[in-house]
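Chemist: Before I ask anything, here is the structure I am working with.
Protein chains: 2
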Amino acid sequence: MMSKKRPFRKVVIVGVGLIGGSIGMAVQKKCLADTVVGVGPKAEELKQAVERKAIDEYATDSRMIRKAVEGADLVVLAAPVAELETAARELAPALTAETVVTDVGSVKGPLVHRLEGCFSSPGRFVGGHPIAGREKSGVAAASAALFSGALCILTPTPRTAPNALETVKRFWEAIGARVVSMDPDAHDRILAAVSHLPHLVAYALVNTVLELQSRNGDLLSYSAGGFKDFTRVAASSPEMWRDICLFNRENLLAVIEAYEKTLDRLKRLMVEGNSEGLRREFERAKDVKEKLRERIP
Amino acid sequence: MMSKKRPFRKVVIVGVGLIGGSIGMAVQKKCLADTVVGVGPKAEELKQAVERKAIDEYATDSRMIRKAVEGADLVVLAAPVAELETAARELAPALTAETVVTDVGSVKGPLVHRLEGCFSSPGRFVGGHPIAGREKSGVAAASAALFSGALCILTPTPRTAPNALETVKRFWEAIGARVVSMDPDAHDRILAAVSHLPHLVAYALVNTVLELQSRNGDLLSYSAGGFKDFTRVAASSPEMWRDICLFNRENLLAVIEAYEKTLDRLKRLMVEGNSEGLRREFERAKDVKEKLRERIP
Chain A
443 MMSKKRPFRK
453 VVIVGVGLIG
463 GSIGMAVQKK
473 CLADTVVGVG
483 PKAEELKQAV
493 ERKAIDEYAT
503 DSRMIRKAVE
513 GADLVVLAAP
523 VAELETAARE
533 LAPALTAETV
543 VTDVGSVKGP
553 LVHRLEGCFS
563 SPGRFVGGHP
573 IAGREKSGVA
583 AASAALFSGA
593 LCILTPTPRT
603 APNALETVKR
613 FWEAIGARVV
623 SMDPDAHDRI
633 LAAVSHLPHL
643 VAYALVNTVL
653 ELQSRNGDLL
663 SYSAGGFKDF
673 TRVAASSPEM
683 WRDICLFNRE
693 NLLAVIEAYE
703 KTLDRLKRLM
713 VEGNSEGLRR
723 EFERAKDVKE
733 KLRERIP
Chain B
443 MMSKKRPFRK
453 VVIVGVGLIG
463 GSIGMAVQKK
473 CLADTVVGVG
483 PKAEELKQAV
493 ERKAIDEYAT
503 DSRMIRKAVE
513 GADLVVLAAP
523 VAELETAARE
533 LAPALTAETV
543 VTDVGSVKGP
553 LVHRLEGCFS
563 SPGRFVGGHP
573 IAGREKSGVA
583 AASAALFSGA
593 LCILTPTPRT
603 APNALETVKR
613 FWEAIGARVV
623 SMDPDAHDRI
633 LAAVSHLPHL
643 VAYALVNTVL
653 ELQSRNGDLL
663 SYSAGGFKDF
673 TRVAASSPEM
683 WRDICLFNRE
693 NLLAVIEAYE
703 KTLDRLKRLM
713 VEGNSEGLRR
723 EFERAKDVKE
733 KLRERIP
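Chains as they are written, first to last, in the numbering used here: chain A, 443 to 739; chain B, 443 to 739.
Written as C-alpha cells, this is what we have:
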C-alpha cells in the first residue's frame, strides 16, 4: 500500500491547551505529520489531548522531553506567553540545526528577539500569532477548524532564515489560516489598538458595573445587550490578559491615552449639549462594522 | 360564529419602527386588539408596516391622527425619545379620560413627569421601557417575538392610576415580556450603568481605533474578536444614542467618572508591573458572565 509522503515527520507542540490542541487536531486531520508529540507539565491534560486525537504521544519531564523532541522538524511553542522563554531554553539543546521553531504568543516585539536568542540557530525561529480564540480554554475546547479562515501574523526579523519562514507560512496555510508577515514591533502596536485595548476596556467596564452594583443594589438583573457583549470579552483568561498587559505595556498605555482623549471629547460634547457633535461621533463609529464586513469575509 | 372578546378595541402605535412595529406584530399575533392603528410622519414606512401586518391602518397628518386615535383604549408612544413630548401633546386632545397611554423610551426620569403633564388625566400615562432591540432599525427588522422573554421596566409615579399600571403590565406580559416596576429616576441610574455607559465606551473605543488607523495605517484588517463585539454595539442608531446621552446626561457623566477611576487603577497596576493585582482584577470581571447566566435564563 502506498501512502503520500507527509510534509513533516514529527511536529512537537509545547502546551496543548485550546490553541496547541487545535493545532494538533488540525495537523492530524490534514495528515501533515507522521507523528504529533505534545509536551506540557500536566499528564492529565496531555492524556486528554491524546483522547481528542490532538497528539499521538506526550512527554512531561525534562528527560522525556529531550527524547520527544528528537527528530522533530517543527516545534510549535503554544505555552502561555510568560513561559515561552523557559520552554524555549529547555528544548533548545535537543534540536538540530534544521528544526524550525515557531510560537503562537499574543505578544511579539522584544519577546521574539529573546526567543531567537534561545537557539543556536536563531534564524530557525519564526514568531507567529494566530488571531483565533474562544472564551473557553483547555484542550477540551480545541477544534481542528479553529484556524479555518483565521488570520495568522508571522513576525520575521533580519535574522530569520527565509526557508524557515516559508515552512511556517505553509504550515499555517495548510491548516486553513491566511498568513501575513510584519515586523514584531508593528504587530504589538497594531494588536495594542485592535485587541489589547478592547479587552482592557471590557475588564474596566465590567468591574465598574460591579462596583456600582455594590453601592447601588442590583444592576446585573437589568443588563441589556451592550453590557452582555462586554462580559463575554471580559470572560477571557485572566492569566493570559495579565501577561499581555505587562508584555505589551508601553504600546497599551499609549493607546489607552488616545482612548481617554476620545472619551474626554465625548464627555465635553455631552456637557455642552452638543447634539450634532455627538451624532457625528456616533455616526462615524457606526460605519466601521460595515467596513469590517467588506474586509473580512 | 362566536369569537373571544379581545382585551383591546383599538391600540394606537405612534412611531412604527423596530420597536413599534414589533409591538404591532405581537399584538396581532396574540389577537389582543380589534384594530391596530399606526401613526407616524412617513406614509411609506406605515404602508410597509401594514404589509408586515404590524398595523391594520394608519394616519400621517394631524387631522387624520385625531380620527385614528378616537376610541383607542391603549396608545403606545414608540417615537424617538426626543419626539415623545411633541407626539403626546398632539394626541392628548383626542383621548378620552379612559385611554391608557404608555411609551417605550430608553430614558425615563424627568421625561416621564413631562409626559404625564401632557394629558388631562396624568394618571393614565405609564412610562415603560422594554429592554429589547436589535442592531437594525425600522419596521423591516421588526418581529412579533422581539419581546419574548425580554424585560420591560415600567416606571409609575405617585400620580399613576393603579388600573392604568395594571393594564400596561398585562399588555406587556401578553406579548411575552417579564415586567418589573421602579421609580423613573432609579431606571435612569441603573440604565446609565448597564446600558448607556457600555454604548458610550464602545463608541469611544471604535473612534479611537479609527483615529489611530488614520495615523498608523491599516488596523482594521487585524481586528480580532474583542474589537468586533464593540463595533456591533457601536452600530446602534446614532440619533437614538445622541438623545439618550443628552436626556440622561447627569447619570451618565457620574458612571463615566466611576469608569475612569477603574481605568486609572488598571493603568497604575500596569505601570507598577503589579502582576497579581492585574490578575485579580481580570478574575473578578470574568465571573460576571457566569453570574448573568444564572440570573437571566
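Glycine is no exception: its CB is placed at the ideal position from the N, C-alpha and C atoms.
Taking its Cβ as the centre, do 16 or more other Cβ atoms sit within 10 Å of residue 457 of chain B, making it buried, or is it exposed?
Modeler: One-based indexing of the second sequence puts residue 457 of chain B at position 15. It counts as buried.
Chemist: Quick check on the DSSP output: the beta strand (DSSP E) that includes residue 452 of chain A runs from which residue to which?
Modeler: Along the first sequence, read from residue 1 onward, the residue named residue 452 of chain A stands at position 10. From DSSP, the beta strand (DSSP E) with residue 452 of chain A extends over 450 to 456.
Chemist: Beta-carbon within less than 6 Å of residue 676 of chain A's beta-carbon, same chain only, minus the 5 sequence neighbours each way: which residues are those?
Modeler: For this step, residue 676 of chain A is matched to residue 234 along the first sequence. Counting only Cβ-Cβ distances below 6 Å, and skipping sequence neighbours, we find 644, 645 and 648.
Chemist: May I have the straight-line CA-CA distance separating residue 573 of chain A from residue 600 of chain B, to the nearest angstrom?
Modeler: For this step, residue 573 of chain A is matched to residue 131 along the first sequence. For this step, residue 600 of chain B is matched to residue 158 along the second sequence. If I take the Cα positions, the gap works out to 55 Å.
Chemist: Taking C-beta to C-beta, are residue 546 of chain B and residue 521 of chain B nearer than 7 Å?
Modeler: On the second sequence, position 104 is the one that residue 546 of chain B refers to. On the second sequence, position 79 is the one that residue 521 of chain B refers to. Their beta carbons are not under 7 Å apart, which means residue 546 of chain B does not touch residue 521 of chain B by this criterion.
Chemist: Residues of the stretch 666 to 686 of chain B in Cβ contact with chain A at a cutoff of 7 Å, in chain order, please.
Modeler: 666, 667, 668, 669, 670, 671, 672, 673, 674, 675, 676, 677, 680, 681, 683 and 684
Chemist: Taking beta-carbon pairs under 7 Å, can you tell me which members of the stretch 554 to 577 of chain A lie near chain B?
Modeler: Cβ contacts with chain B: 573 and 575.
Chemist: Classify residue 601 of chain A as helix, strand or coil using the three-state DSSP reduction.
Modeler: For the purposes of this step, residue 601 of chain A is taken as the residue at position 159 of the first sequence. Note: residue 601 of chain A maps to coil in three-state DSSP.
Chemist: Under 7 Å between C-beta atoms, does residue 689 of chain A make it to chain B?
Modeler: By 1-based counting over the first sequence, the position of residue 689 of chain A is 247. Not closer than 7 Å to any Cβ of chain B, the Cβ of residue 689 of chain A fails to qualify, so no.
Chemist: What is the DSSP secondary structure of residue 731 of chain A, reduced to helix, strand or coil?
Modeler: Within the first sequence, numbered from 1, the residue matching residue 731 of chain A stands at position 289. Residue state, collapsed to three classes: helix.
Chemist: Give the straight-line distance between the Cα atoms of residue 613 of chain B and residue 592 of chain A, rounded to the nearest whole angstrom.
Modeler: For the purposes of this step, residue 613 of chain B is taken as the residue at position 171 of the second sequence. For the purposes of this step, residue 592 of chain A is taken as the residue at position 150 of the first sequence. Those two C-alpha atoms are separated by around 47 Å.
Chemist: Residue 559 of chain A and residue 589 of chain A: beta carbons closer than 7 Å?
Modeler: Against the first sequence, residue 559 of chain A aligns to sequence position 117. Against the first sequence, residue 589 of chain A aligns to sequence position 147. Contact: no.
Chemist: Label residue 693 of chain B either buried or exposed according to how many other C-beta atoms from any shown protein chain fall within 10 Å of its C-beta, with 16 as the threshold for buried.
Modeler: To locate residue 693 of chain B, count along the second sequence from 1; it is residue 251. Buried: at least 16 other Cβ atoms inside 10 Å.
Chemist: Give the single residue among B/716, B/551, B/459 and B/684 whose Cα lies nearest to the Cα of residue 423 of chain A.
Modeler: With chain A covering only 443 through 739, there is no way to say anything about residue 423 of chain A.
Chemist: Does chain A have any CB closer than 7 Å to the CB of residue 585 of chain B?
Modeler: Residue 585 of chain B sits at position 143 when you count from the first residue of the second sequence. No - not a single Cβ of chain A is within 7 Å of the one on residue 585 of chain B.
Chemist: Does the stretch 494 to 502 of chain B come into contact with the stretch 512 to 531 of chain B, if we say contact requires no fewer than three beta-carbon pairs (one atom in each stretch) closer than 8 Å?
Modeler: No, because fewer than three Cβ pairs between the stretch 494 to 502 of chain B and the stretch 512 to 531 of chain B fall closer than 8 Å, the two stretches do not touch.
Chemist: Report the rounded CA-to-CA distance for residue 551 of chain A versus residue 580 of chain A, giving the unit in angstroms.
Modeler: Translated into positions along the first sequence, residue 551 of chain A becomes position 109. Translated into positions along the first sequence, residue 580 of chain A becomes position 138. Rounded to the nearest angstrom, the two C-alpha atoms are 26 Å apart.
Chemist: Taking 7 Å as the cut-off, decide whether the C-beta atoms of residue 464 of chain B and residue 585 of chain B are in contact.
Modeler: Here the question's residue 464 of chain B lines up with position 22 in the second sequence. Here the question's residue 585 of chain B lines up with position 143 in the second sequence. A contact, by the Cβ cut-off of 7 Å.
Chemist: Assign residue 637 of chain B to one of three DSSP states: helix, strand, or coil.
Modeler: Within the second sequence, numbered from 1, the residue matching residue 637 of chain B stands at position 195. Correct three-state label for residue 637 of chain B: helix.
Chemist: Could you list the residues in the stretch 510 to 531 of chain A with a C-beta less than 7 Å from some C-beta on chain B, going in chain order?
Modeler: Here the close residues number zero.
Chemist: Rounded to whole angstroms, what's the CA-CA distance from residue 724 of chain B to residue 475 of chain B? Just pull it up for me.
Modeler: Here residue 724 of chain B refers to the residue found at position 282 when the second sequence is read from its first residue. Here residue 475 of chain B refers to the residue found at position 33 when the second sequence is read from its first residue. Rounded to whole angstroms, residue 724 of chain B to residue 475 of chain B spans 50 Å at the Cα level.
Chemist: So residue 500 of chain A contacts chain B; which residues on that side make the cut at Cβ distance below 8 Å?
Modeler: Position 58 of the first sequence holds residue 500 of chain A. What residue 500 of chain A touches in chain B: nothing, since even the nearest Cβ is about 28 Å away.
Chemist: So which residues of chain A does residue 635 of chain B contact, with C-beta pairs closer than 7 Å?
Modeler: For the purposes of this step, residue 635 of chain B is taken as residue 193 along the second sequence, with counting starting at 1. In chain order: 651, 654 and 661.
Chemist: Could you check the C-alpha separation between residue 512 of chain B and residue 638 of chain B for me, to the nearest Å?
Modeler: Along the second sequence, one-based indexing puts residue 512 of chain B at 70. Along the second sequence, one-based indexing puts residue 638 of chain B at 196. Distance from the CA of residue 512 of chain B to the CA of residue 638 of chain B, rounded to the nearest whole angstrom, comes to 37 Å.
Chemist: Going by Cα to Cα distance, which pick from A/660, A/633 and A/674 is closest to residue 691 of chain A?
Modeler: Counting from 1 along the first sequence, the entry for residue 691 of chain A is found at position 249. Looking at the Cα atoms, A/633 is the closest of the given residues.
Chemist: So what does DSSP say about residue 668 of chain B, is it helix, strand or coil?
Modeler: Residue numbering aside, residue 668 of chain B sits at position 226 when the second sequence is read from its first letter. Helix, per DSSP.
Chemist: Alpha carbon to alpha carbon, how far is residue 752 of chain B from residue 595 of chain A?
Modeler: In this structure chain B extends from 443 to 739, so residue 752 of chain B is not present and cannot be described.
Chemist: Looking only at C-alpha atoms, which of B/537, B/571 and B/555 sits nearest to residue 562 of chain B?
Modeler: Numbered from its first residue, the second sequence carries residue 562 of chain B at position 120. Looking at the Cα atoms, B/537 is the closest of the given residues.
Chemist: Look up residue 569 of chain A in the DSSP assignment and say whether it is helix, strand or coil.
Modeler: By one-based count along the first sequence, residue 569 of chain A stands at place 127. DSSP places residue 569 of chain A in strand when its eight states are reduced to three.
Chemist: Among the residues of its own chain, which have a CB less than 8 Å from the CB of residue 657 of chain A, if the five just before and after it don't count?
Modeler: As a position in the first sequence, residue 657 of chain A is number 215, starting the count at 1. Nothing listed; no residue qualifies.
Chemist: Where DSSP assigns a beta bridge to residue 595 of chain A, which residues make up the other side?
Modeler: Within the first sequence, the letter at position 153 stands for residue 595 of chain A. BP columns for residue 595 of chain A point to A/571 and A/622.
Chemist: Residues of chain B with CB under 7 Å from residue 714 of chain A, in chain order?
Modeler: Within the first sequence, the letter at position 272 stands for residue 714 of chain A. Going along chain B, no residue has its Cβ under 7 Å from residue 714 of chain A, so there is no contact; the nearest lies around 10 Å.
Chemist: Give me the Cα-Cα distance between residue 732 of chain A and residue 663 of chain B, rounded to the nearest whole angstrom.
Modeler: Taking the first residue of the first sequence as position 1, residue 732 of chain A is located at position 290. Taking the first residue of the second sequence as position 1, residue 663 of chain B is located at position 221. Looking at the two C-alpha atoms, the distance is approximately 13 Å.
Chemist: Can you tell me whether DSSP reads residue 536 of chain A as helix, strand or coil?
Modeler: Within the first sequence, the letter at position 94 stands for residue 536 of chain A. DSSP places residue 536 of chain A in helix when its eight states are reduced to three.
Chemist: How about residue 493 of chain B: is its C-beta nearer than 7 Å to some C-beta of chain A?
Modeler: Locating residue 493 of chain B in the second sequence gives position 51, counting from the first residue. No, residue 493 of chain B lies away from the interface with chain A (no Cβ there is under 7 Å from its Cβ).
Chemist: Can you tell me the Cα-Cα spacing of residue 499 of chain A and residue 478 of chain A, whole angstroms?
Modeler: By one-based count along the first sequence, residue 499 of chain A stands at place 57. By one-based count along the first sequence, residue 478 of chain A stands at place 36. Roughly 7 Å between the two C-alpha positions.
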